[in-house]
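So the structure is just underneath, and the comments pick up after that.
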Amino acid sequence: MQDYFAMSREALQNEREALLDVYGQYKARGLKLDMSRGKPSPAQLDLSMPMLDIKDYMGETGIDSRNYGNLEGMPEARRFFAEMLGAQPDEVIVGGNSSLNMMYSMIELGWRLGYCESEKGWGEEEHPKFLCPAPGYDRHFRVTQYFGFELVTVPMLPTGPDMDAVERLVKDKAVKGIWCVPKYSNPDGYSYSDETVRRLAAMETAEPDFKIFWDNAYIVHHLTDTHDEVLNLLDECRAAGCENRALMFCSLSKVTFPGASVAAMAASRQNVDYILKNMFPTIISYDKLNQLRHIRFLKDAAGVAAHMEKHRAVIAPKFELVKSIFTREFAGCDGIARWTDPNGGYFLSLYTAKGCAKRTVQLCAEAGVKLTEAGAAYPYGVDPDDWNIRIAPTYPPLDELETAAELLCVALKLATVEHLLAQ
């Protein structure tokens, strides 16, 4: 393609007319395509249907999973998630179907009472704050915004959050925690470097009850033969003498069924005891029958790895298709678009020229392709550079994905030309 930034105004106007003609052809097709969320496709959901045939409801220690009790989770489920999270079974709490719900509960606990080291609940602070590496996961940001925290943006780098900024910000007593997606981050697909993890674990914070919310949402979701490895935060915090700092989460939502999965968290034993004590009034037990069903189906880490290879066979071609279309359509002009190339996860980021993301998403929507709202990956939904678009390739079938990606390229070119002409 031509370099728009080197074109004359007359050439840009001619290009705009040509793009409007192509764009109009897409609009005339009456498309209704959705790439707005990172959902597993029906083909992926079908992979776990045999799990529903499992009828064995008695646990390995004789626990009847159909009945009350065992708030902390079935023993075999605690052992399973301990292996996944790199913890000991007695450092694990197994919950319901949603890790986001567990994270919400931990924010609520901190807001209401604080943690073991707290003098008071976080909500009693005059102006509590929470660090939000961005671009990041919009649902994380919404949780802390809902409770009333000020969301403080930290730039996201290919190695993780900008640690110079983090180490400076945590000297503020009002800063209570940080959101982290350490492996195949949402939406860039970055994985934290060893240095980043060690600095997070060892940094000096103004308050002893500072918490790292470590969301291992994509810990087993590989797209290539290169599997990113991230240091274990709980181990690093323990080595640094602050093991209570780490709250680690994961779920099987995109492994089996997002609406009927199992989530878990790992933390220090002191934290686990404190959390269970404060969970006790809220629920007698989570769905242990579902916990057992998942363990019988997936068995162990090797079983999970084999199952995830089936997922990879479905979704990796979708990522490759999108990237190949971007490469073809934007070749020769780096200023118009760049994109991340993750080894795993559910997303990649498309970066436009500054000031063009919202218009690109709007043009796609008007032509029948729904994308994640521009700015969604930033606190308060505000992208200061208006340049990030989260790309979620997993749900649509390949033919629809190809059409959506091609339209997206036309929309981005048109938005860029409009932006340059407006200058």
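Position 280, counted from 1, in the sequence shown is what this note's numbering calls 353; the numbers after and before it change by one each time, with no gaps. A virtual CB, placed ideally from N, CA and C, is assigned to each residue, including glycine.
In this structure, Ala477 is the residue among Leu487, Ala477, Tyr265, Gly111 with its C-alpha nearest to the C-alpha of Leu104. Around the Cβ of Val225, a 10 Å sphere holds 16 or more other Cβ atoms; the residue is buried. For Phe283, the closest C-alpha among the options Asp373, Ala207, Gly183 is that of Gly183. Around the beta carbon of Gln86, fewer than 16 other beta carbons lie within 10 angstroms, which makes this residue exposed. Taking C-beta atoms under 8 Å as the contact rule, Ala465 and Thr445 qualify, at a distance of about 7 Å. By a beta-carbon distance limit of 8 Å, Asp288 contacts Met176. Their separation comes to about 7 Å. Taking Asn351 as reference, the option from Met131, Thr329, Ile180, Leu304 with the minimal CA-CA separation is Ile180.
A direct Cα-Cα distance of roughly 44 Å separates Ala389 from Glu190.
Looking at the DSSP output, Trp252 shares a beta bridge with Phe286.
No Cβ-Cβ contact shorter than 8 Å links Cys323 with Ile285. By the Cβ neighbour-count rule, Thr134 is exposed, with fewer than 16 other Cβ atoms within 10 Å of its own. Take the alpha-carbon of Gly111 and the one of Leu320: they are about 24 Å apart. Here the alpha carbon of Val239 sits roughly 45 Å from the alpha carbon of Lys100. Assignment of Cys205 by DSSP, reduced to helix, strand and coil, places it in the strand class. If you look at Asp346, you'll find it isn't in any beta strand (DSSP E); it sits in the alpha helix (DSSP H) that goes 342 to 352. In the same chain as Tyr265, and ignoring 5 residues on each side of it, the C-beta atoms closer than 6 Å to its own belong to Gly233, Pro255, Val303, in chain order. The beta-carbon separation of Gly250 and Leu204, rounded to 7 Å, stays under the 8 Å limit for a contact. Boundaries of the beta strand (DSSP E) harbouring Leu106: 106 to 108, taken from the DSSP string. The Cβ atoms of His492 and Gly428 sit closer than 8 Å to each other.
At least 8 Å separates the beta-carbon of Met80 from that of Phe370. Annotation for Thr476: no beta strand (DSSP E) segment contains it, though the alpha helix (DSSP H) segment containing it runs 471 to 495.
A contact between stretches requires three or more CB pairs, one per stretch, nearer than 8 Å, and the segment 453 to 471 fails this requirement with the segment 300 to 314. For Glu83, no beta strand (DSSP E) run applies; the uninterrupted alpha helix (DSSP H) run containing it begins and ends at 82 to 100, by DSSP.
In the three-state reduction of the DSSP assignment, Glu199 falls in the coil class.
With contacts defined by Cβ atoms closer than 8 Å, His380 and Val328 form a contacting pair.
When the beta-carbon positions are compared, Ala337 and Val490 stay at least 8 Å from each other. Looking only at Ala374, Ser178, Leu362, the smallest Cα-Cα distance to Thr355 is reached by Ser178. Contact between the segment 471 to 485 and the segment 127 to 147 is absent: fewer than three C-beta pairs spanning the two stretches fall below 8 Å. Rounded to the nearest angstrom, the gap between the Cα atoms of Leu273 and Phe154 is 23 Å. Nearest Cα to Cys310 within the set Ala447, Leu325, Met108, Thr278: Thr278. When the beta-carbon positions are compared, Ser138 and Leu325 stay at least 8 Å from each other.
The beta carbon of Pro228 is closer than 6 Å to those of Asp235 in its chain, skipping five residues each way along the sequence.
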